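Residues 1 to 220 (UniProt numbering) make up the sequence shown, in order.
Glycine included, C-beta positions come from ideal geometry on N, C-alpha and C.
These numbers come from a predicted model, not from an experiment.
A short write-up of the structure that comes next.
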Amino acid sequence: MAGRARGSARAVLACLLAPVLVALLVAPARGRGGREHADWDAAKLLPPLPPREKAALVARFVTNVCDWGALATISTQEGVRGRPFADVLSLSDGPPSKGSGVPYFYLSPLQQSVGNLQENPYATLTMSLAETSFCKKYGFDPQSPLCAHIILSGTVVKVSETEVDIAKNSLFIRHPEMKSWPSSHNWFFAKLNITNIWVLDYFGGPKIVTPEEYYNVTFQ
Ligand SMILES: *[C@@H]1O[C@H](CO)[C@@H](O)[C@H](O)[C@H]1NC(C)=O
Ligand SMILES: *[C@@H]1O[C@H](CO)[C@@H](O)[C@H](O)[C@H]1NC(C)=O
């Protein structure tokens, strides 16, 4: 009895220590994370927010300044099947101030969201200036429409061969550590094929922007 108890105590201890050992063995994350996590945003120069009567331009602006978004998919997981499921995904529409408007992703079949998308490609992406220093600087709560945010709905599709280079350049310039993500995860490039856009940047309800208006914007 005592022997078994000691054995299980040892097993519990091993379980507790394993994450610590893994943390010690894994090299520190490269890029903007780590110690300067709280500082990098302040150092990033945010161009001025476009005038709010230009909703399509505001949408393109938010897409371009955001490095990530929350993507909602429909869950395929046991217990929550058919329910909404949102996860944070890194994204990029191109270099700062040179965005194409297309939110590109670097995805792995190991991700829960990707499993969901394989069954149902419909997804909704939210990005907010709360991800930048903007809203804190002006004292805007993330839920306030003054803290401009956008909601893009559509389908997530794998990018075609001809678009892979654009997707790769767009993502790797904003997320350099993606280059060293383990190849065993079978990463692939994908994008949101946008069908509906809502812009929340002022009181009075969301503004509707069509994909045509959104992509028609000349963005600098
Ligand atoms: C994007 O969505 C539109 C509208 O639903 C559709 O016509 C088009 O074929 C889609 N494009 C891709 C690459 O899936
Ligand atoms: C596209 O942009 C041009 C020039 O700014 C404008 O005249 C035209 O109305 C726009 N079209 C759409 C669909 O937004």
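What does DSSP give as the partner residue(s) for residue i in the beta ladder?
i      : result
Met127 : Ile150
Phe105 : Ala190
Tell me the rounded alpha-carbon separation between residue i and residue j.
i      : j      : result
Glu67  : Glu78  : According to the sequence shown, residue 67 is Asp rather than Glu. Whole-angstrom Cα-Cα distance: 31 Å.
Lys179 : Phe172 : 7 Å
Ala38  : Val62  : Model confidence at Ala38 stands at a pLDDT of 38, short of 50, so the residue's coordinates are unreliable; what they give is reported in the following sentence. Distance between the alpha carbons of Ala38 and Val62: 20 Å.
Asn186 : Ser170 : 19 Å
Ser184 : Ser108 : 9 Å
Arg83  : Thr155 : 17 Å
Asn216 : Tyr106 : 25 Å
Pro95  : Pro211 : 21 Å
Phe99  : Asn193 : Residue 99 is actually Gly in this sequence, not Phe. Going from the Cα of Gly99 to the Cα of Asn193 covers about 15 Å.
Please tell me whether residue i has its Cβ less than 8 Å away from any Cβ of chain B.
i      : result
Ser108 : Among the chains in the structure shown there is no chain B, since it carries only a single protein chain.
Does the separation of the CB atoms of residue i and residue j fall below 8 Å?
i           : j      : result
Gly115      : Leu89  : no
Ile151      : Thr124 : yes
Thr195      : Ser153 : yes
Leu57       : Pro47  : no
Leu71       : Pro145 : no
residue 221 : Arg52  : With the chain covering 1 to 220 only, the question about residue 221 has no answer from this structure.
Leu110      : Thr73  : no
Check the C-beta distance from residue i over to residue j and give it rounded, since I have them as a contact under 8 Å.
i           : j      : result
Val102      : Lys168 : The Cβ separation is near 13 Å, so there is no contact.
Val147      : Ser133 : A small fix is needed here, since residue 147 is Cys in this sequence, not Val. Actually they do not touch by this definition, with Cβ atoms about 11 Å apart.
His175      : Ser92  : 7 Å
Val164      : Phe189 : 6 Å
residue 234 : Ala86  : Limits of the chain in this structure are 1 at one end and 220 at the other, which puts residue 234 out of reach.
Asn64       : Ser97  : 7 Å
Is there at least one non-hydrogen atom of ligand 1 closer than 7 Å to the beta-carbon of residue i?
i           : result
residue 232 : Residue 232 is absent from the model: the chain starts at 1 and stops at 220.
Val157      : yes
Thr210      : no
Mind checking whether the beta-carbon of residue i lies closer than 7 Å to any heavy atom of ligand 2?
i      : result
Glu213 : yes
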